[in-house]
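In what follows, a single structure is set out as C-alpha cells and then discussed.
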Amino acid sequence: MGDIVVFGAFGPFFEDFEIGMKIKHRPCRTVSQYDNVLWSALTLDYTPLYLDETYASLTSTGRISINPRFVHSLVVGLSTRDTSLNTMAFLGVDYEKLHAPVFPGDTLCVESEVVTKRESKRPNVGVVSWVVRAFNQKGEIVYETKRSNLIYKRQESPWIKYLEARDLVTKNRENKDYRRDPIASQELSPSHPGWWGRFLEDFSPGQVMIHRIGRTVYQYDNLLSTVVSMNVATLHFDSEYMLFHEYGEPVVQGPLVVGIACGISSTELGVNLARDLGIRELKLTSPVFDGDTLHAKTEILGAEPLETTGIVRAKTTVFKDNFSKEVGSFVRELEIYRKGFSPWVKIWKE
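Whatever position you read off the sequence shown (first residue = 1), add 462 for our numbering.
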C-alpha cells in the first residue's frame, strides 16, 4: 500500500472551519413519494398528510407533502460530507424553520454557513455550529436549521489513526490477530469550502486515491439486494444449504460488492459524472460475508480530454480486513465534466 500518492475528500477537520464560511453542497436530491413511504415504514409514522392523497387533497396544501422529519434527515445528510464527516458527536439542533412545504418531485439543494466555532473541554475535538438551508428547484428556501457537532482535530481523527495504523490490532474471521503497515504518511489533500468533486483536469495517470468511506456489509444488505435484483442463487441466502457448501455461510453477491465499491468511490469519481461507460476486467478474489467491512482504493489509468468532458479510466480495488485482504478489482470508464461545464455551474450559478 506504499504507492498512495493522492488522497481523496477526507472532509474538513475542526481547524478547517472559519466563521462566515458558506458551503454549497453536492449532490442535490430529488425527493419522491417513495421517500415518504419508506420513512413511514422505518419510523412508524403513518400521518395521512404524508401518505393519503385523498386526505391531503382536502388540506391547505391540496396535495401530499414530504414528511418534515425526513426533510430534516435529508438536509443534514446532504451536508455531512462537507461539515461533519469527521465528527465525534452530534450535539443537537437549536431550531428549525419550515419555510414552505416540500412536495414529491421537488429537488433540494443544501447550503451550510459556519456561525460559531470554539474549543471544547475535550482537547481532541472542537464545537462547530452551522445554519443549514435547503432550497427547492425554483431557488426558494424551504427549510432551515441550526445544528452543532463535536468535530475532530486533524491529528486526533480516528480516520488518520486508522490510515497510520496506530495501535491497530484486529482479529480476522479466523480469530487470529493481524497487523498491517501504515497505508501512507503523506499530507492530506488541502481543505476546501465544500467538496466540488474532481473535474477532468483533476485526474492524471498514476494517481491513487484511498476512499474515505468504508462500509460494513450485513446479511440484511445481501438479502435486500438479491430480492431487488431477483437473484435466486441459494448461496446468498440459504443458511442451511450453506452448511454443506465450502464457504459454510451465505456469501454476499458479487454485484453488491461492486456496487458498494462504486458507491464508496463516488465522492472522488462521481460528483461531476456525465456518463458511466461501464466496467471491465472484473475479478473477485475473496468472498465477502456478513459483518465484513469493505474499503477501496482507485488508481487512475488514463484521462483523455474531449470538448466539454473527457474520458477517465480507473482501476478500483476492494479490500476487507483493514486493507489486508483483497476482495476484487475492476476497471471503469467514466465520462467526467471539465471545469466550467459541469451542471453545478448552473445549479449553484458559479
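Ideal Cβ positions, reconstructed from N, Cα and C, are used throughout, including at glycine.
Status (buried if at least 16 other CB within 10 Å, exposed otherwise) for Ala765 = buried
C-beta contact flag for Ile675 and Val577 at 8 Å | no
Is it a yes or a no for the segment 581-591 touching the segment 513-525, going by three-plus beta-carbon pairs under 8 Å?
-> no
Using a threshold of 8 Å, state whether the C-beta atoms of Arg616 and Glu606 are closer than that.
-> no
Does the ligand MN have even one heavy atom less than 7 Å from the beta-carbon of Tyr709?
-> Inclusion of the ligand MN in the displayed structure is not the case, the ligand content being empty and no account of it being possible.
Alpha helix (DSSP H) containing His534: first to last residue?
-> 530-545
According to DSSP, residues forming a beta bridge with Ser610 = Gly554, Ser591
Pair within 8 Å by beta-carbon distance, Thr492 and Gly567 = yes
Does the beta carbon of Asn598 sit closer than 8 Å to a beta carbon anywhere in chain D?
-> Of the protein chains in the structure, only one exists, and it is not chain D.
Looking at the structure shown, is Leu705 part of a helix, part of a strand, or coil, going by DSSP?
-> coil
With distances taken between CB atoms, is the gap from Phe770 to Arg800 smaller than 8 Å?
-> For the sequence presented, residue 770 should be read as Thr rather than Phe. Yes. Within cutoff.
Quick one: what's got a C-beta closer than 6 Å to Leu744's C-beta in the same chain, skipping five residues either side?
-> Phe792
Euclidean distance between Cα positions of Pro474 and Leu547 = 7 Å
Neighbourhood of His561 by C-beta distance below 8 Å, restricted to the same chain and skipping five residues each side | Glu602, Ile603, Val604, Tyr605, Glu606
Any idea what DSSP makes of Arg616, helix, strand or coil?
-> helix
Count the other CB atoms within 10 Å of the CB of Gln599; is the residue buried (16 or more) or exposed (fewer)?
-> exposed
Give the DSSP-derived three-state secondary structure of Thr492 in the structure shown.
-> strand
Could you name the residues that DSSP lists as bridge partners for Ser791?
-> Lys745, Thr779
In this structure, does DSSP put Gly802 in helix, strand or coil?
-> coil
DSSP-derived helix/strand/coil call for Asp497 = helix
Give the single residue among Tyr614, Val572, Pro620, Asp507 whose Cα lies nearest to the Cα of Asp478.
-> Tyr614
Tell me, to the nearest whole angstrom, how far the beta carbon of Arg531 is from that of Thr505; I am working on the premise that it is less than 8 Å.
-> 7 Å
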